[in-house]
Amino acid sequence: MRATFRAAMLESWANRRSFWTQLAAMFVNDIAWVAFWVLFFEEVGEVRGWARADALMLLAVITTAAGFVLGVTGNVRRVASVIADGELDAALALPTPTLVHLLARRIEPVNIGDLVFGCLLFALAGDPTPARIAVFAFGVVTAVFVYGGFLLALGSLAFRTGRGEVGELGFHAVTMLASYPVDIFSGPTKFVLYTVVPSAFVSSVPVRLLDSFDPQWAALGAGAALLSATIGVVSFQTGLRRYTSGAAWTRA
Amino acid sequence: MTWSALARAATTAARRTLAQPGLAVVSVGFYLLVTAAVTSLWRSAAEAHGGEIAGYSGLALTWYIVASEATVVAQRVRLIEEVGTEIGSGAIEPELLRPVAAVGVRLATEIGAVLPRLVACLVAGAGYAALVAGAPIATGSIGLALPSIVLAVVCNIAAQHAVAAASFWVRDAKSAWYLYHKFVFIAGGMLIPLEVLPESFESVARLLPFSAMAYAPARLASGYFEPGLLIGQALWTAVMLVAAVAMFARGERRLTAAP
Amino acid sequence: MTIVADRLARSFVTGRRRARRVVEAVQGLSFTVEPGERVAFIGPNGAGKSTSIKMLTGILHPTSGDATVLGRCPWRERRALTRDIGTLFGQRSQLWTELTPRQSYRMLGAIFGLDDRRLDRRTAELGALLDAEDLFDVPVRTHSLGQRMRCELAACLLHEPKILFLDEPTIGLDLLAKQRFREMVVRLNEAQHTTILLTSHDVADIEYVADRVIVINHGRLIYDDSVDRMRREYFATKLIEVGLMHPVDRFETLGASVVHQSDLSIRLVVDTQVLPVRDVVDALLERLPVADLSIVDPPLEDVIASIYRVRSS
Numbered sequence: 240m241r242a243t244f245r246a247a248m249l250e251s252w253a254n255r256r257s258f259w260t261q262l263a264a265m266f267v268n269d270i271a272w273v274a275f276w277v278l279f280f281e282e283v284g285e286v287r288g289w290a291r292a293d294a295l296m297l298l299a300v301i302t303t304a305a306g307f308v309l310g311v312t313g314n315v316r317r318v319a320s321v322i323a324d325g326e327l328d329a330a331l332a333l334p335t336p337t338l339v340h341l342l343a344r345r346i347e348p349v350n351i352g353d354l355v356f357g358c359l360l361f362a363l364a365g366d367p368t369p370a371r372i373a374v375f376a377f378g379v380v381t382a383v384f385v386y387g388g389f390l391l392a393l394g395s396l397a398f399r400t401g402r403g404e405v406g407e408l409g410f411h412a413v414t415m416l417a418s419y420p421v422d423i424f425s426g427p428t429k430f431v432l433y434t435v436v437p438s439a440f441v442s443s444v445p446v447r448l449l450d451s452f453d454p455q456w457a458a459l460g461a462g463a464a465l466l467s468a469t470i471g472v473v474s475f476q477t478g479l480r481r482y483t484s485g486a487a488w489t490r491a
Numbered sequence: 079m080t081w082s083a084l085a086r087a088a089t090t091a092a093r094r095t096l097a098q099p100g101l102a103v104v105s106v107g108f109y110l111l112v113t114a115a116v117t118s119l120w121r122s123a124a125e126a127h128g129g130e131i132a133g134y135s136g137l138a139l140t141w142y143i144v145a146s147e148a149t150v151v152a153q154r155v156r157l158i159e160e161v162g163t164e165i166g167s168g169a170i171e172p173e174l175l176r177p178v179a180a181v182g183v184r185l186a187t188e189i190g191a192v193l194p195r196l197v198a199c200l201v202a203g204a205g206y207a208a209l210v211a212g213a214p215i216a217t218g219s220i221g222l223a224l225p226s227i228v229l230a231v232v233c234n235i236a237a238q239h240a241v242a243a244a245s246f247w248v249r250d251a252k253s254a255w256y257l258y259h260k261f262v263f264i265a266g267g268m269l270i271p272l273e274v275l276p277e278s279f280e281s282v283a284r285l286l287p288f289s290a291m292a293y294a295p296a297r298l299a300s301g302y303f304e305p306g307l308l309i310g311q312a313l314w315t316a317v318m319l320v321a322a323v324a325m326f327a328r329g330e331r332r333l334t335a336a337p
Numbered sequence: 021m022t023i024v025a026d027r028l029a030r031s032f033v034t035g036r037r038r039a040r041r042v043v044e045a046v047q048g049l050s051f052t053v054e055p056g057e058r059v060a061f062i063g064p065n066g067a068g069k070s071t072s073i074k075m076l077t078g079i080l081h082p083t084s085g086d087a088t089v090l091g092r093c094p095w096r097e098r099r100a101l102t103r104d105i106g107t108l109f110g111q112r113s114q115l116w117t118e119l120t121p122r123q124s125y126r127m128l129g130a131i132f133g134l135d136d137r138r139l140d141r142r143t144a145e146l147g148a149l150l151d152a153e154d155l156f157d158v159p160v161r162t163h164s165l166g167q168r169m170r171c172e173l174a175a176c177l178l179h180e181p182k183i184l185f186l187d188e189p190t191i192g193l194d195l196l197a198k199q200r201f202r203e204m205v206v207r208l209n210e211a212q213h214t215t216i217l218l219t220s221h222d223v224a225d226i227e228y229v230a231d232r233v234i235v236i237n238h239g240r241l242i243y244d245d246s247v248d249r250m251r252r253e254y255f256a257t258k259l260i261e262v263g264l265m266h267p268v269d270r271f272e273t274l275g276a277s278v279v280h281q282s283d284l285s286i287r288l289v290v291d292t293q294v295l296p297v298r299d300v301v302d303a304l305l306e307r308l309p310v311a312d313l314s315i316v317d318p319p320l321e322d323v324i325a326s327i328y329r330v331r332s333s
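Chains as they are written, first to last, in this note's numbering: chain W, 240 to 491; chain Z, 79 to 337; chain H, 21 to 333.
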């Protein structure tokens, strides 16, 4: 497991030149978001309980959590193509649990840049008292599990359907919708964002906790994290079982 | 003869787009997602602000975003990077062995490939806007918005080719796509109407070519009848086309020249 | 004269600052090609083949020297020349994989200024010539690589070029597809008198396609003669590799010499001037428990080495 992680680290460093340009690009992207929220709230003031500081915390949470998921467990976004391209067979031959190996096998340093940015943004704009740091960390961890579990479940669809456009759209959907405060949506859309596409738990719920800690919301966030991670792992494992038994059957 | 070749290149590229319906579904789906998110943001902002922001009502903002997002999302996001890679790797060389300039064919195929996606996005976006916010405010300005959207796309594609041509000289020029897009997003008025920006920003942004790529058609779609915007766009499009052709011509000379 | 190269030379600067150095890719290359000739331009990887082709097609200026192709200077009159030459780069595709070849041909035809009637006539003609009519109306992504290369070949012949430049066209093709492709090139030359200039590092491309061969190595011309002559002088050997079902102690080789033998494999060299390969193979199949047998050409490196040997002695 540690060896896998190490191999992934080395691989990601192999092309250092493009690493720095991509990292710069990522920072530009994040700074553009900061600029957008600053300009937006400059004119608008406050929207449904969200002000500039909340939007910046939203950005900090989503970049940290997505940076972790897409950076450290980089394969989670590629689960569908890993399955469709037969890369999985190589992982199956190893003694380590397939899912663990798969998740540890790819590091995307560019997204790690996002993670660093998110932490920096919290440190600079988030008034990091010890209590707030703890809440931020708790929020980010729940966001990581919700986001990662969702992407894993989405990718595992490929066990049934082959590589599909649904997975790609689902990724964009959860990521983009999590970049905006959930309260700008109303009615049924809002309901969807708390359930089917759980983007609310990836950013808005942690920010709400930072704003004023409420044990009920915290429990809801933790529950969503647990549920999403379970759905992700279970759909991967059941898919994998189908896959291996199917493969054995074709071989026979 | 050259013009008919370019027209044929554009229609062939359009046919290629239509031959990949899966990709078209993804780009329209993606477009609807962004549009839904950004319009919701602006509509709730208008509502929190007494019904309008910088002269835009919630309805106007919805049509604004529908148009501004379509001009950008219908295109290949990483166009600069992809063209730059083809220049850097020499994949462009066979195109130099044709009687029509490579850049001409490239611009034509890119525009041809985008148009079907653009139409699909606009139809979906108009449906969405009508559903959640209501019919467009003024039909006259919508009439102007349609040619304006096409001009915006052409201007943007030409500008991206001019930037990508830097790859004839500099290896990492292709990474500029990220920065370029951020300029379109904010200075181009794609995410935020220019009138909402602080005054000094706004006046700078109006002087930049990016406003011709998103703001102009979006302003027209939001109900402001300002034909002058089209003239500005036409000028910028001409400038960008000339720049792309000139950059490619110089780059090709550089590629073939003796050391 | 279709092509005249006169002391063509081209160098490249690589690396930056201290690592900077000048690489002489082509040095003083001179030769001429007559209309209708089929010339193979061969050499190992990095010998300067592609650089030479690029200069002759006009996409690279030489550092020194001169050339004319169909009476024009390629790098000064590139655009005008494109109407009379066709080029096929083995690793670069002109066809769009999502579309059918015919759809791509319509675009390429328009770029080369062909009207639809002329294009349709030409497409039909090429379809018959290259046995490819039935490939023209299915998307390229469903083709095998060999089928696709035939369609690529048709693509660069639409405007009826007088010279066809083929840069490593058979790279990556399987044996049968390669042979098929070579057949098509010869057929084209015979039917339409198109001059062929083909680069390759595959010895078989020369044997089957060319009537003349130019060998370059390290940017210099080291051999320029007919393929018949080269065959006599340098391709006089074939390698036979035999896999056995069980080990054997002794066997008759008819005069072929054994260069390697282990329990289950034997490699022999046959001098084809003395002994037909067929006789050796017949004898081997009759007398040995053969599981597997292949006949291969000597690698290009060996041919070049023997050219140097002959020159220096």
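Think of the CB as a built atom: it goes at the ideal place given N, C-alpha and C, for glycine as much as any other residue.
Quick one, which of the options has its alpha-carbon nearest residue i's?
i: W:R371; options: W:P445, W:G310, W:V283 and W:L333; result: W:P445
i: W:G378; options: W:S443, W:L262, W:A246 and W:V349; result: W:S443
i: H:G56; options: H:T77, H:M21 and H:S31; result: H:M21
i: W:I351; options: W:T337, W:T303, W:I270 and W:G325; result: W:T303
i: W:L408; options: W:G394, W:V421 and W:A292; result: W:G394
i: W:L297; options: W:D269, W:L465, W:A397 and W:P334; result: W:D269
i: H:D151; options: H:A60, H:F201 and H:E44; result: H:F201
i: H:P318; options: H:G166, H:A224 and H:V206; result: H:A224
Between residue i and chain Z, is the shortest Cβ-Cβ distance under 8 Å, so that the two count as touching?
i: W:N268; result: yes
i: W:Y419; result: yes
i: W:W488; result: With a pLDDT of 42 at W:W488, under the threshold of 50, the modelled position of that residue is not reliable, and the figure given next carries that caveat. It does not; no Cβ of chain Z falls within 8 Å.
i: H:F109; result: yes
i: W:I351; result: no
i: W:F389; result: no
i: W:L354; result: no
I want to see whether chain W comes within less than 8 Å of residue i, judged by CB atoms only; does it?
i: Z:L107; result: Residue identity differs from the one stated: residue 107 of chain Z is Gly in this sequence, not Leu. Yes, contact with chain W.
i: Z:V103; result: yes
i: Z:W81; result: no
i: Z:V112; result: yes
i: Z:A198; result: no
DSSP puts residue i in a beta bridge; with which residues?
i: H:D86; result: H:D26
i: W:R371; result: Looking at the DSSP assignment, W:R371 forms no beta bridge with any residue, so it has no partner.
i: H:G263; result: H:S285 and H:D312
i: H:Y243; result: H:V235
i: Z:G136; result: DSSP lists no partner for Z:G136.
i: H:E44; result: H:S31
i: H:D291; result: H:T257
To the nearest whole angstrom, what separates the beta carbons of residue i and residue j, a pair I think is in contact under 8 Å?
i: W:V441; j: W:A382; result: 5 Å
i: Z:A87; j: W:L416; result: Incorrect: roughly 38 Å between the Cβ atoms, too far for contact.
i: H:V276; j: H:V300; result: With the sequence shown as reference, residue 276 of chain H is identified as Ala, and Val is not the correct amino acid for it. Indeed they touch by this definition, with Cβ atoms about 5 Å apart.
i: W:R287; j: W:D450; result: With a Cβ gap of about 13 Å, W:R287 and W:D450 do not count as contacting.
i: Z:P337; j: H:F32; result: 6 Å
i: Z:A283; j: Z:L272; result: 5 Å
i: Z:Y293; j: Z:C199; result: Not really, about 18 Å apart at Cβ, beyond 8 Å.
For a contact defined as C-beta to C-beta under 7 Å, what are the partners of residue i on chain W?
i: Z:G166; result: Near Z:G166 there are no residues of chain W at all, since even the closest Cβ is about 12 Å away, more than 7 Å.
Taking Cβ-Cβ distances shorter than 8 Å, what residues in chain W pair up with residue i?
i: Z:I131; result: E282 and V283
i: Z:Y206; result: Within 8 Å Cβ-Cβ: nothing; Z:Y206 doesn't reach chain W, min ~12 Å.
What residues of chain W sit near residue i, judged by a beta carbon separation below 9 Å?
i: Z:L275; result: L278, E281 and E282
Name the chain Z residues whose beta carbon is nearer than 8 Å to that of residue i?
i: W:A274; result: I264
i: H:L119; result: T90, R93, R94 and A97
How would you list, in chain order, the residues of chain Z whose beta-carbon sits under 9 Å from the beta-carbon of residue i?
i: H:V33; result: P337
Below 7 Å on C-beta distance, what does residue i contact in chain H?
i: Z:V183; result: I131
Can you pull the chain Z neighbours of residue i, defined as C-beta to C-beta under 7 Å?
i: W:R287; result: S122 and A126
i: W:T302; result: Under the 7 Å cutoff, chain Z gives no residues; its nearest Cβ is about 15 Å from W:T302.
i: H:H81; result: T334, A335 and A336
For residue i, return the contacting residues in chain H, with the cut-off set at a CB-CB distance below 8 Å.
i: Z:L224; result: Within chain H, no residue comes near Z:L224; the closest Cβ sits about 27 Å away, beyond 8 Å.
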